[in-house]
Every structure is written in structure tokens, then in C-alpha cells.
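Trainee:
Residue numbers (the numbering used here): 16 to 361.
1) Could I get the ranges of all uninterrupted alpha helix (DSSP H) runs contained in the segment 208-280, with 4 residues as the minimum, in chain order?
2) Compare the beta carbon distance of residue 53 and residue 69 with 7 angstroms and say whether it is the shorter of the two.
3) Taking only three categories from DSSP, how would you classify residue 75?
4) Can you tell me which of 186, 279 and 162 puts its alpha carbon nearest to the alpha carbon of residue 175?
5) Hey, which unbroken runs of the beta strand (DSSP E) at 3 residues or more fall wholly within the segment 116-154?
6) Looking at the strands, I want to know which residues DSSP matches up with residue 351.
7) Could you give the distance in angstroms between the alpha-carbon of residue 73 and the alpha-carbon of residue 334?
8) For the candidate residues 266, 63, 40 and 299, whose alpha-carbon lies nearest to that of residue 213?
9) If you drop the 5 nearest sequence neighbours on each side, which residues of the same chain put their C-beta closer than 7 angstroms to that of residue 310?
10) Three Cβ pairs or more, each shorter than 8 angstroms: is that satisfied between the segment 316-333 and the segment 185-200?
11) Which class does residue 362 belong to by DSSP, given the choice of helix, strand or coil?
12) Under 8 angstroms, with one C-beta from each stretch per pair, do the segment 110-124 and the segment 166-181 reach the 3-pair mark?
13) With a threshold of 7 angstroms between beta carbons, is residue 209 in contact with chain B?
14) Measuring straight from C-alpha to C-alpha, what distance separates residue 306 and residue 85?
15) Is it buried or exposed, residue 262, if we count other Cβ atoms within 10 angstroms and call 16 or more buried?
16) Considering only C-alpha positions, which residue in the set 345, 23, 293 and 303 is nearest to residue 49?
17) Who are the Cβ neighbours of residue 276 in its own chain at under 6 angstroms, not counting the five residues just before and after it?
18) Can you tell me whether residue 134 is buried or exposed? The criterion is at least 16 other CB atoms within 10 Å of its CB, across all chains shown.
19) What separation, rounded to the nearest whole angstrom, lies between the Cα atoms of residue 142 and residue 51?
20) Quick one: is residue 16 buried, meaning 16 or more other Cβ sit within 10 Å of its Cβ, or exposed?
21) Do residue 155 and residue 185 have their beta-carbon atoms positioned less than 7 angstroms apart in this structure?
22) So, for residue 237: in the same chain, excluding its five sequence neighbours on each side, which residues have a beta-carbon less than 8 angstroms away from its beta-carbon?
23) Evaluate residue 106 with the Cβ neighbour count: other Cβ atoms within 10 Å of its Cβ, from every protein chain shown; 16 or more gives buried, anything less gives exposed.
24) Which same chain residues, not among the five before or five after residue 127, have their C-beta less than 6 angstroms away from its C-beta?
25) Could you compute how far the alpha carbon of residue 100 sits from the alpha carbon of residue 230?
26) Please report the distance separating the alpha-carbon of residue 327 from that of residue 273.
27) Give the range of the beta strand (DSSP E) segment to which residue 298 is assigned.
28) Compare the Cα-Cα distances from residue 352 to each of 191, 280 and 252 and report the closest residue.
29) Determine the DSSP secondary structure at residue 87, reduced to helix, strand or coil.
30) Give me whichever residues DSSP pairs with residue 314 in a beta bridge.
Next up, the structure:
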């Protein structure tokens, strides 16, 4: 079931940001129109205790002050575009550079910073839409993008289905994703469990990953064998990090199959992910520095993990013989993408 939209707050220009809540069994999810973002997701642990499992803010001011993409719909193009440049149909395009010399998550005013509008609200689902004009953040084409969230209780668990659809009147790159920070231990337990996300067990059927240069641009796929990026049999992120192999994950795994599992042995909460995307960006919240106050807590590094199904980073500039992701949409070729998250306990 769903509640009627309510006012979550007002942006500095006076525009109202709305919130809507969906319920299914014991689960409850709130979506806000700013960034078409999941603001909260309440689920039981193995003992039936309900807690919020995503990071975010209790009020709009936090979302305006901090661009951490909490629960947001990211676009036009998720992740990084090298040098903020690409070529399409013989024309060069220059984009705002908001991550060193690169363009990250669609630019400084990407989809996560836009106030979407609710177009459809049903018992189990909400659809939001945003219009991105030609030239927005340097991208060509007038784009209309939609995201539909559906929350249901099924035999296999609580299912959150996320569907993306977008149309354009001119060729343009488009590659969206969902950017929730998952804290399966439960928001209320974060203070007692520093670095808790590093002890989640992550399983990903990916034979390759994308090593990056110093600006986090992929340099081409490489085998995961004998690296910290081999999650094929399931492992804790802490295994590699506490051995000093790396300080945190912010890497794309090249999915052999469109699925992954994230499991917290302490709470028993498990998230099974399925998608039609070719990559999975795994980010272990490395950059929280004590300045971001979330829902009653100053967030710390490794409080949560982002699991971002998406096209490969910088796919628009990669050799198509290497990268399997075609991120160009055209008037006769709309954009479609799917992410399904199934939550249960064991």
C-alpha cells in the first residue's frame, strides 16, 4: 500500500520536494522527489527487529548541503567520463568537470540534483519523471527520464523492483543507476559496529574487473583471480583491506551474470541483486570524513556499501571491441534498464 504524497521540504528556490511511502508486509520505503531518491528502507532482521538499512538524511537540508547521492537516481551518465569529453556521430562534446578533470554522475547538476515529479502512484509503486533539456550539463538532446519503484512482499522475500525508461529527440549517452548506501546491520547499530560494512559477505559472479588510472578511469578489464576483486565464492571486503591490499573499494566488476548477493551475518539480513546491466560498481563509503550528519549520526567510513549496477565507467569513450556497453540512445532506441533487489534473512 502507499500513502498520499506529502511535503518533505522546500528547495532554496521555493520548489517543494515531496515524499511518498510504500509498504509491503513489514517493509516500508520512502521516496523523495529530489533525485528520485530512496530516503529510507525499513526491514526486519532475523529476529524481526525493524531498522532502516539505507543512509540518508531526516530532512531536506541535509540533501541540499551534501551531495553524497544518498539513494538517488544517477544520470544522465553514472560514474566517470574521462576528461569530461566524448565524441558522438562526428561531433565533440565538452562537459563540466566536477571530479578532477572528469565528469562524475552526469555533472554538477546531474539527475540526483534535480527535483523530479511524481507521475503515477499506485498501491505498490511510484513513478517519477524528469525532463533534461538539450545542452543540459553539456549533453545533447531533450531527454525525458522515468524511474518506477515497486515494493512487494513475495514468497522469496521483500522485493524492490527499479525500472528506468528514457526517451530522447537526438542521439545522446544515457546510463543511469541507483545509488543507495546499504547498511544491512541496521542504522541503529552503526555506532556499535564501526566499519561494519566491511564484514558483509559479498558474492559476485564476475571473472573480470576494471583497474583504473590515478583519476579512476578504467584502463581495460583484467582477471579477478588472485586479486582483492575476486568475489566469485563470496568474501568480506575486510579480507583484502585489513591485509593492506587496498584502502577501500570503488571499482567496477564486470558481471558474468547479472546478479550479486550481499549478506550481513550479524543481523541475518541478505540482499540479492539482479540486473540487466554489465557492470557493478562496489563502493565502500570510503570518503566520509565526519562532516556529513545523516539520520541522527555522523557517518563514518565504511558505514555502508553502494552496489551500483550500471554500464562500465567511461563506456562512451571505450573501444566497443573491449566494452560491451552501448550507452548511446536515439529517438528510435529508448533507454531501458532494470535493477531488482530481494531482501530476506537467514
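Yeah, the Cβ is synthetic: ideal placement off N, Cα and C, and Gly gets one too.
Just so we're clear, the structure is a prediction, and the values are computed from it rather than from any experiment.
Mentor: According to the data block:
1) 252-256
2) yes
3) helix
4) 162
5) 132-136 and 140-147
6) 180
7) 43 angstroms
8) 299
9) 67, 71, 72, 73 and 202
10) yes
11) This structure cannot settle anything about residue 362, because the visible part of the chain is limited to 16 through 361.
12) no
13) Included in the structure is just one protein chain, with no chain B present.
14) 15 angstroms
15) exposed
16) 23
17) 218 and 287
18) exposed
19) 9 angstroms
20) exposed
21) yes
22) 223, 224, 225 and 226
23) exposed
24) 50, 84, 87 and 89
25) 15 angstroms
26) 13 angstroms
27) 294-298
28) 191
29) strand
30) Paired residues: none, contrary to the question.
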